[in-house]
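Heads up, the sequence shown is in our numbering, so the first residue is 644 and it goes up one at a time. What follows is a set of notes on a single structure, which appears directly below.
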Amino acid sequence: MHENCIVFKTMDVVERKWGLLVLLELSKAGGSVSFAELRRRIPQVTPKIITIRLRELGSAELLSHHGREYTLSQSGRELLEVVAALKQWALRWRYQGEICKFTACSQCSL
Numbered sequence: 644m645h646e647n648c649i650v651f652k653t654m655d656v657v658e659r660k661w662g663l664l665v666l667l668e669l670s671k672a673g674g675s676v677s678f679a680e681l682r683r684r685i686p687q688v689t690p691k692i693i694t695i696r697l698r699e700l701g702s703a704e705l706l707s708h709h710g711r712e713y714t715l716s717q718s719g720r721e722l723l724e725v726v727a728a729l730k731q732w733a734l735r736w737r738y739q740g741e742i743c744k745f746t747a748c749s750q751c752s753l
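Right, here's the structure in full:
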């Protein structure tokens, strides 16, 4: 893929380590989440990385923030629908109906 391809550029944002997890946690919250709450929800990610990912996802317009509260944007919610479809495709075609082997999958609500 060419670096100016819109799919390539979109995947570059989503595939960064912990980026998708941040989006999923915002989705599960169902509303605004403070930075402190996000840290509690994903303790395996350092505060520095959470901050970086929040900035990147905000720049990509996948989330919005007001003060210290973060919320998925409409764009972010629609992206997670695409991720859910990707998961269903993977279970059907790549993993032949296997159930996910990672506990995080059962908690991600995709």
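The beta carbon of each residue, even a glycine, is placed where N, CA and C say it ideally should be. These numbers were taken from a predicted model, which means no experiment stands behind them.
Would you list the one or two residues that DSSP bridges to residue i?
{"i": "residue 770", "result": "In the structure displayed, the chain extends from 644 to 753; residue 770 sits before or after that span and is not available."}
{"i": "residue 675", "result": "Answer is none; residue 675 lacks a bridge partner."}
Taking 8 Å as the threshold (beta carbon to beta carbon), is residue i in contact with chain D?
{"i": "residue 697", "result": "Going by chain labels, chain D is absent from the structure shown, which holds only one protein chain."}
I'd like the list of long-range same chain contacts for residue i, defined as Cβ closer than 8 Å, with 5 residues on each side in sequence excluded.
{"i": "residue 714", "result": "669, 674, 675, 676, 706, 707, 708"}
{"i": "residue 720", "result": "670"}
{"i": "residue 661", "result": "685, 688, 692, 693, 696"}
{"i": "residue 700", "result": "656, 662, 665, 666, 706, 719"}
Could you give the DSSP three-state label for residue i: helix, strand or coil?
{"i": "residue 749", "result": "Residue placement at residue 749 cannot be trusted, given a pLDDT of 43 that sits under 50; the coordinates are not used to answer."}
{"i": "residue 731", "result": "helix"}
{"i": "residue 686", "result": "coil"}
{"i": "residue 659", "result": "coil"}
{"i": "residue 680", "result": "helix"}
{"i": "residue 616", "result": "Nothing can be reported for residue 616, as the shown portion of the chain is limited to 644 through 753."}
Could you round the C-beta distance between residue i and residue j to whole angstroms and report it? I think they count as a contact, below 8 Å.
{"i": "residue 693", "j": "residue 681", "result": "6 Å"}
Less than 7 Å separating the Cβ of residue i from some heavy atom of the ligand COA?
{"i": "residue 659", "result": "With respect to the ligand COA, the structure offers nothing, as it holds no ligand at all."}
I'd like the list of long-range same chain contacts for residue i, defined as Cβ closer than 6 Å, with 5 residues on each side in sequence excluded.
{"i": "residue 734", "result": "none"}
Among residues of its own chain, excluding the 5 on either side of residue i, which ones have a beta-carbon nearer than 7 Å to its beta-carbon?
{"i": "residue 679", "result": "none"}
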